[in-house]
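Participant: First residue of the sequence shown? That's 84 in the numbering used here, and the numbers climb one at a time after it.
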Amino acid sequence: MANQAINDSIAPGMQILIAKSGKVVYHKSFGYMRYAKLTPIQWFHRYDLASLTKILASVPLAMREHERDSLFLTTPISSLLEGYQESNKAEMNFQALFSHHAGIQPWLPFYHNTFVTTQIFQARNFIVKNKKET
């Protein structure tokens, strides 16, 4: 099933983990991190809370913890995740998170920080083009 999803370009790769009674009974990685097939998926790779991850992993785990009375939809995530305690999302709860009402930006253009400004790029090209051969 995983290989068929990859062959159909539904995802470049994935992991399947099945646990019963707190013990992992099956864990296998399939495919690659991106469609370019440069980095194979490995057991330690993590995924964001995208729509499928939420449905297939996060919600079932939250439901289990709710049944154990250790998690409630009104529980602020900052009570479980230290990094959120001093943030503007400290009061965000799981109900808002799971229903897409948490106010979290859906995508961050993190790669913008890797851009080289035009001036630096032009200066670098000038140096490279005018470098004397030794």
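Heads up, the beta-carbon is just placed ideally off N, CA and C, and yes, glycines get one too.
Just so you know, these numbers come straight off a predicted model, no measurement behind them.
#1: For the beta strand (DSSP E) that contains MET116, what are its first and last residues?
#2: Under the DSSP definition of a beta bridge, which residues are partnered with TYR109?
#3: Could you tell me how far apart the beta carbons of LEU156 and PHE177 are, in whole angstroms, since I believe they sit closer than 8 Å?
#4: Leaving out five residues on either side along the sequence, give the residues of the same chain with a beta carbon under 6 Å from the beta carbon of ILE160.
#5: Per DSSP, what kind of secondary structure is ASN176 in: helix, strand or coil?
Facilitator: Considering the structure as presented:
#1: That residue, MET116, is in no beta strand (DSSP E); it is neither H nor E in DSSP.
#2: ILE101
#3: 5 Å
#4: TYR167, MET175
#5: strand
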